[in-house]
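Report on the following structure.
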Amino acid sequence: MADRVRYLDEVMAEIDAEVRRRRASGDLPAGLERELDELFLEFSPVGLQGRARLRETLSLVDGSAYVDIAVPTASNKAVGSYIKRVMRKGLGWYMNFIVTQIVKFAWSVSRMFHVVVDHIEDLEAAVEAHRSPDLPASVAPSASDGGSWWAAAAVEALAGVTERVVVADCGDASLVEALLVAGVDAYGVDPSDLALEPALDRGVDVRAEPALDHLEVVADEALGGIVLTGSVQWLRPNERERVLDLVSSRLAVDGTFVLHSASPAAWAASAPPVVRDLAPGHPLHPETWAHLLGGRGFVVTATVTGGDDRRLAHVGGDTADSATVNAAIDAINDQLLGPTEYLVVATRER
Amino acid sequence: MTAVHQFVPALLPRDATGDHTRALRDALRAAGWESDIYVEAAHDELQDEATYFEKYPSRARPGDVLLYQLGTSSPVAEFLLGRDEPLVLDYHNVTPASFYEGWEAHTVEKVALARRQVAALAPHAVLGIADSAFNARELEDLGCPATAVVPILVDLQTAHGAADAAELARLTADHGDATVLLFVGRLSPNKCHERLVEALWVYRRLYDPDARLHLVGPTVTPEYAEAVFAFADELGLADAVRHAEGLTGAELAAWYGDADVFVCLSEHEGFCIPLLEAMRADTPIVALDAGAVGETLADAGLLLEEARPATVAAAVHRIRQDDGLAAFLTEAGRRRLEDFAAPVTRQRFVEVLAGVAGREPVVA
């Protein structure tokens with residue numbers, strides 16, 4: 022027995038050597054086997070995705086929509102075959118009447134599916150035409166920084182909140198920790214595993230999820246506070262609407278909403294060109310947020326500006342010329358060099 | 003008189019479980035025991051040999067042992083869970099639902115139900131008989147208190163007889179000297195026919211451009227079968243891949259006899275009777291070591307760790323080129339087949355069931 026096993030082991034080793042030799046000679050190009058597997062997946066519903074799967078399934082519906090009334094009459098016994106033929110002939114009119122209606126129904130259903138699939142494909146094409154290219158990962162919005170100018174204002178706005186508070190795009194979770202120190206039951210979410218690593222190492226409650234996905238699964242009125250920053254500035258209009266809907270439903274009545282954003286002027290002046298050109302959305306003015314929130318039962322309780330303040334100082338003197346120059350400086354400051362960021366604090370009243 | 007009555011979802015002719023059930027009934031009767039077959043459904047040809055399972059309570063007698071041929075979902079399982087008689091499971095394995103996901107939603111449901119029934123029955127049984135140690139482990143994992151490995155009762159000599167000479171001549175004339183790879187088994191995703199097609203494609207590219215793949219088995223998952231044949235067509239193998247089903251025993255023996263190598267790349271097999279059929283036909287075997295294949299095959303074939311087409315092709319080529327290896331494998335196959343000889347298996351079944359029924363085993 023041992024000899025037989027040894028012999029088979031030797032044969033298998035020689036077979037493996039033959040495969041290696043074939044690969045080395047180029048007879049079996051690298052990736053060939055993977056290509057074969059992928060090719061089979063093209064014929065498999067397991068591998069079909071999206072439109073192809075829809076069409077494949079539709080073809081199955083079409084194929085099943087026909088009912089054959091020619092019942093098989095073969096039988097192991099001659100008399101059996103005879104009886105089946107008599108039955109088929111005798112019941113043909115009845116079967117035909119029933120089957121005609123079944124086929125008519127099946128084809129109606131099939132036709133309806135074709136209309137639905139055509140409509141879906143039209144919608145997909147329309148959506149695709151408006152799709153924005155993805156931004157490079159390197160220009161993702163900066164994550165929250167508990168040491169930044171607005172962290173203290175956010176902590177102050179949320180102090181005393183007893184229900185849970187979520188900080189979206191929390192990054193290293195320094196703001197989450199600042200809230201915890203202030204006695205707020207806070208946790209964070211961020212789409213980047215990498216950004217969360219330091220927080221996880223420190224044992225802070227953070228989850229690797231985009232804010233939108235997270236809010237989708239939170240129960241209604243389960244949160245006492247929500248802090249949004251980072252990518253909220255760049256959301257597509259429809260995503261922004263969805264986030265606001267979720268904020269207004271997930272936040273308890275009297276809950277606090279804190280929004281941190283770059284100002285549109287500062288963003289236009291300082292954001293990298295790729296971001297300005299490709300970002301699906303852009304920062305709004307604080308007044309616009311107040312308008313959007315007001316429509317959802319929120320009252321803005323504070324708007325705080327901060328960030329880099331690069332405003333030019335007035336020139337000295339009391340002349341008409343200096344007054345003209347200072348007026349021009351004010352206009353430049355207001356348009357281009359004012360506070361680069363702002364914080365909106367709102368309370369849900371209904 | 004001790005009675006061991008069998009329950010089986012469907013009693014079918016020319017079916018492994020059906021043949022096994024009837025052979026076991028005959029063996030038990032020959033040992034002097036009462037034994038009837040109770041079913042949910044029976045084929046026309048076997049109506050006289052089966053009784054509807056819900057008629058059993060009116061025929062039950064003290065001391066009866068009930069044996070369930072378990073390989074699919076059935077109301078029979080629920081019925082047996084409500085009985086007090088000692089229950090023995092004869093487990094032929096249920097393919098995990100994951101193999102059918104994406105292919106057939108209703109089959110996913112059906113096999114998932116079957117596996118739930120196995121899980122419910124296993125702790126309820128006094129003994130689990132399994133075709134293979136692989137199947138026995140599944141029963142043990144589900145809480146079956148005791149298991150015994152006894153192969154399926156299959157009398158290959160009686161089942162297939164001699165090869166149909168006309169069929170053999172027709173096949174040989176069809177492909178000439180080309181290498182023929184054969185696999186026998188239902189067209190179902192766990193059998194991985196696409197791997198066979200891939201292996202054929204590589205084999206033709208490297209060794210024999212005229213090689214053929216013969217597939218024999220019922221199409222139980224039509225969507226999968228269509229995908230396999232469309233795949234073969236895409237690879238330019240439409241004329242090189244042949245499929246047959248509904249063969250008689252003699253015709254099947256001819257297909258085995260015609261093949262140069264039997265290749266099994268299934269990812270899940272609870273026993274794999276076609277391996278024994280190939281051994282009986284002296285057809286050398288190349289097989290993937292998955293499920294119970296390794297233990298059924300033992301040293302009677304080339305057992306592959308992976309179903310990579312290049313390795314399969316090289317293994318087939320080696321057998322084609324090395325007469326000594328081919329002879330070694332066919333000889334090992336004949337020897338291995340003796341372990342599954344019907345008299346040996348009958349004796350083992352009677353011994354195991356005698357232990358449950360509390361009587362001396364006697365085999366006529």
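These protein sequence lines map, in sequence, to chains L and U.
Heads up: take any position in the first sequence, counting from 1, add 21, and you land on the working numbering.
Heads up: take any position in the second sequence, counting from 1, add 2, and you land on the working numbering.
Backbone N, C-alpha and C fix where the C-beta goes; we use that ideal spot for every residue, glycine too.
Asked, Found
"Neighbour list for Gly48 (chain L) in chain U, Cβ cutoff strictly below 8 Å", "Strictly speaking, residue 48 (chain L) in this sequence is Asp, with Gly absent from that position. Within chain U, the residues near Asp48 (chain L) are Arg207 and Leu208."
"Alpha-carbon spacing of Val138 (chain L) relative to Arg76 (chain L), whole angstroms", "8 Å"
"Completely contained alpha helix (DSSP H) runs for the stretch 228-313 of chain L, where each covers 4 or more residues", "232-238, 258-271, 285-291 and 294-299"
"Cβ contact check for the stretch 263-280 of chain L and the stretch 359-371 of chain L: 3 or more pairs under 8 Å", "yes"
"Three or more C-beta pairs below 8 Å linking the stretch 192-202 of chain U and the stretch 213-226 of chain U", "yes"
"Endpoints, the alpha helix (DSSP H) within which Ala122 (chain U) is located", "Ala107 to Leu123"
"Simplified DSSP state of Thr23 (chain U), which is helix, strand or coil", "helix"
"Residues in the stretch 283-299 of chain U having any Cβ partner in chain L nearer than 7 Å", "none"
"Whole runs of the alpha helix (DSSP H) within the stretch 311-358 of chain U, excluding any shorter than 4 residues", "311-323 and 325-340"
"Residues that DSSP places opposite His2 (chain U) in a beta bridge", "Any question about residue 2 (chain U) goes unanswered here, given that chain U covers just 3 to 366."
"Own chain residues within Cβ distance below 6 Å of Leu236 (chain L), not counting five before or after", "Leu267 and Arg271"
"DSSP-derived helix/strand/coil call for Thr78 (chain L)", "helix"
"Residue burial classification, Val314 (chain U) (beta-carbon count within 10 angstroms, cutoff 16)", "buried"
"Near-chain L residues of the stretch 152-175 of chain U (beta-carbon distance less than 8 Å), N- to C-terminal order", "none"
"Three-state class that DSSP yields for Glu184 (chain L) in the structure shown", "coil"
"Cα-Cα separation, Pro360 (chain L) to Ala147 (chain L)", "39 Å"
"Run of the alpha helix (DSSP H) containing Ala99 (chain L), from where it starts to where it stops", "Ala99 to Ala150"
"Top-ranked residue by Cα proximity to Val182 (chain L), from L:Ala203, L:Ile350, L:Lys110 and L:Ala189", "L:Ala203"
"Straight-line Cα distance separating Val227 (chain L) from Ala194 (chain L)", "8 Å"
"Local Cβ density within 10 Å of Asp92 (chain U), reported as buried at 16 or more and exposed below that", "buried"
"As assigned by DSSP and simplified to three states, the class of Arg369 (chain L)", "strand"
"From U:Asp325, U:Arg118, U:Ile154 and U:Asp86, residue whose alpha carbon lies closest to that of Arg27 (chain U)", "U:Ile154"
"Closest residue to Arg261 (chain L) among L:Ala287, L:Ala232 and L:Gly192 (Cα-Cα distance)", "L:Ala232"
"Below-9 Å beta-carbon distance, Arg310 (chain U) vs any chain L residue", "yes"
"Proximity below 9 Å, CB of Gly327 (chain L) to CB of Leu364 (chain L)", "yes"
"Alpha-carbon spacing of Val225 (chain L) relative to Glu242 (chain L), whole angstroms", "23 Å"
"is_contact[Ser102 (chain L), chain U] using C-beta, thresh 9 Å", "no"
"Own chain partners of Thr347 (chain U) with C-beta closer than 6 Å, once the 5 adjacent residues on each side are dropped", "Pro153 and Leu155"
"Limits of the unbroken beta strand (DSSP E) element including Thr324 (chain L)", "Phe319 to Gly327"
"Residue environment, His22 (chain U), which counts as buried when at least 16 other CB atoms sit within 10 Å", "buried"
"C-beta neighbour in chain L for Arg348 (chain U), strict 9 Å", "no"
"Proximity of Gln368 (chain U) and Leu82 (chain U) at Cβ, strictly below 9 Å", "With chain U covering 3 to 366 only, the question about residue 368 (chain U) has no answer from this structure."
"Residue range of the alpha helix (DSSP H) that includes Glu42 (chain U)", "Careful: Glu42 (chain U) lies outside any alpha helix (DSSP H), inside the beta strand (DSSP E) at Ile39 to Ala44."
"Arg282 (chain U) classed as buried or exposed, judged by whether at least 16 other C-beta atoms fall within 10 angstroms", "buried"
"Leu14 (chain U) in three-state terms, based on DSSP", "coil"
"DSSP three-state assignment for Ala189 (chain L), whether helix, strand or coil", "strand"
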